[in-house]
Amino acid sequence: MPIHEKSLIRPENLVTHDDLVIDGVDVSGHWSTFIKGRSVTDYNEAMQDEIAALPGGENIHRCWQCGSCTNACTVNAVNNDFNPRYWIYLIRLGMEEELLRDKDIIWQCVSCNKCTYACPRDVMPEGVMKATAHWLELKGHTPKSPSTIFDEEFTRQIIKTGKIEETRVITRFFRGTGQPLRQNWLEALIVNLVKRFPVFYLMRLGLSVVFRPKTRGWNKARHAINEYVHEVEEANRKALGLGGEGAK
Ligand code: SF4
Ligand code: SF4
0 MPIHEKSLIR
10 PENLVTHDDL
20 VIDGVDVSGH
30 WSTFIKGRSV
40 TDYNEAMQDE
50 IAALPGGENI
60 HRCWQCGSCT
70 NACTVNAVNN
80 DFNPRYWIYL
90 IRLGMEEELL
100 RDKDIIWQCV
110 SCNKCTYACP
120 RDVMPEGVMK
130 ATAHWLELKG
140 HTPKSPSTIF
150 DEEFTRQIIK
160 TGKIEETRVI
170 TRFFRGTGQP
180 LRQNWLEALI
190 VNLVKRFPVF
200 YLMRLGLSVV
210 FRPKTRGWNK
220 ARHAINEYVH
230 EVEEANRKAL
240 GLGGEGAK
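Residue numbers for the sequence shown follow numbering that gives the first Met the number 0, beginning at 0 and rising by one.
Dropping the structure here:
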């Protein structure tokens, strides 16, 4: 299906002549707007399969390009460039380079799921957006977002001990995102905590920094979770053609 939206044509491919007469007809200005032809040779023919293999992307093949998702989209209402229908179109065609032009906004999906309810084909566009953002990261097209860095630290602690220790999560998150450990809002929060919370609670917080909290009998669960995570990571790598065991 052709794309008719002028906003989706690269500006460098739009040519207008200020002064042009064809067969005696003055077609100067926007009357003489032409779209330069171009050949696309770098298709990624596996792209739809790669994204369909990630959680959320499974139904992408069902899309019939009705546009209901984009029409209902919360983010599109404030930013026209956020266009789930168009990205699904590019993915299905395998136009990776074209999709990469929008790599910095795809992750802005707020997971409101309006598109999911609007879609007549059960494509689950919200899931496709998540899978696409995940795919961009796995392929190395985008750096890890701060929320991914936070999730990773959070998950690492849960897997290790079955519990999280807030101070450790926040300090490692700051380090991972290159932020200073001393921040005004954090200092204000700590001052407020000290003022409002009972002493025994503060002592418990302090002790948990020194003696890391741990869920009793967690080893078995840790082993099972690690096995599952490993299986999922391997499946993702395979689906994206990123090589076998342990390859990154
Ligand atoms: S879930 Fe994402 S893509 Fe869907 S409507 Fe909400 S912001 Fe738009
Ligand atoms: S609403 Fe569903 S079928 Fe329509 S364009 Fe969006 S994803 Fe495709």
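Ideal Cβ positions, reconstructed from N, Cα and C, are used throughout, including at glycine.
For the candidate residues the options, whose alpha-carbon lies nearest to that of residue i?
| i | options | result |
| --- | --- | --- |
| Arg-215 | Thr-141, Leu-98, Ile-157, Trp-184 | Ile-157 |
| Val-14 | Ile-105, Val-24, Asp-25, Ser-31 | Ser-31 |
| Lys-159 | Thr-141, Gly-205, Arg-221 | Arg-221 |
| Glu-152 | Gly-139, Ile-169, Pro-142 | Ile-169 |
| Thr-176 | Ile-148, Leu-188, Leu-201, Trp-184 | Ile-148 |
| Asn-12 | Ile-34, Ile-21, Asp-22 | Ile-34 |
| Ile-105 | Asp-80, Met-94, Leu-92 | Asp-80 |
| Gly-93 | Thr-69, Thr-115, Thr-131, Tyr-116 | Thr-131 |
| Ser-67 | Ser-38, Asp-121, Glu-44 | Asp-121 |
| Met-128 | Gly-55, Leu-188, Arg-91 | Gly-55 |
| Thr-40 | Pro-212, Leu-239, Glu-96, Arg-9 | Glu-96 |
| Thr-115 | Cys-62, Arg-91, Thr-154 | Cys-62 |
In chain order, what residues of the same chain have a beta carbon less than 8 Å from the beta carbon of residue i, not counting five sequence neighbours either side?
| i | result |
| --- | --- |
| Met-0 | For Met-0, the pLDDT reaches just 46, beneath the cut-off of 50, and the residue's location in the model is therefore unreliable, leaving the point undetermined. |
| Ala-246 | Unreliable placement is indicated for Ala-246, whose pLDDT of 42 sits below 50; no coordinate value is reported for it. |
| Asp-17 | Ser-27, Gly-28 |
| Ala-117 | Ser-67, Cys-68, Asn-70, Ala-71 |
| Asp-25 | Leu-19 |
| Arg-37 | Asn-12 |
| Leu-201 | Leu-192, Val-193 |
Kindly identify the DSSP beta-bridge partner or partners of residue i.
| i | result |
| --- | --- |
| Asp-48 | Looking at the DSSP assignment, Asp-48 forms no beta bridge with any residue, so it has no partner. |
| His-16 | Gly-28 |
| Ile-21 | Val-24 |
| Ile-34 | Leu-13 |
For residue i, which residues from the same chain have a beta carbon less than 7 Å from its beta carbon, with the 5 sequence-adjacent residues on both sides left out?
| i | result |
| --- | --- |
| Ala-51 | Glu-57, Ile-59, His-60 |
| Phe-172 | Ile-148, Phe-149, Glu-152 |
| Glu-49 | Trp-134, Ala-238, Leu-239 |
| Glu-125 | Cys-108, Ser-110, Asn-112, Cys-114, Thr-115 |
| Ile-8 | Ile-34 |
Excluding the 5 residues preceding and the 5 following residue i in the sequence, name in chain order all residues of the same chain whose CB lies nearer than 6 Å to its CB.
| i | result |
| --- | --- |
| Thr-69 | Asn-75, Asn-82, Pro-83, Arg-84 |
| Glu-208 | Here the sequence assigns Val to residue 208, which means Glu is not the residue at that position. Counting only Cβ-Cβ distances below 6 Å, and skipping sequence neighbours, we find Thr-166. |
| Pro-145 | Thr-176 |
| Met-123 | Asn-58, Thr-115 |
Subject >> Within the region 147–234, ranges of the alpha helix (DSSP H) (whole runs, at least 4 residues) >> reply: 165–175, 183–195, 198–209
Original post:
Pairing CB atoms from the region 99–107 with CB atoms from the region 159–168, are three or more of them under 8 Å?
Top reply: no
**OP:** Report yes or no: do the region 108–117 and the region 138–147 share at least 3 C-beta pairs separated by less than 8 Å?
**Re:** no
Original post:
Counting only runs that start and end within the region 85–110, where is the alpha helix (DSSP H) found for 4 or more residues in a row?
Top reply: 95–99, 102–105
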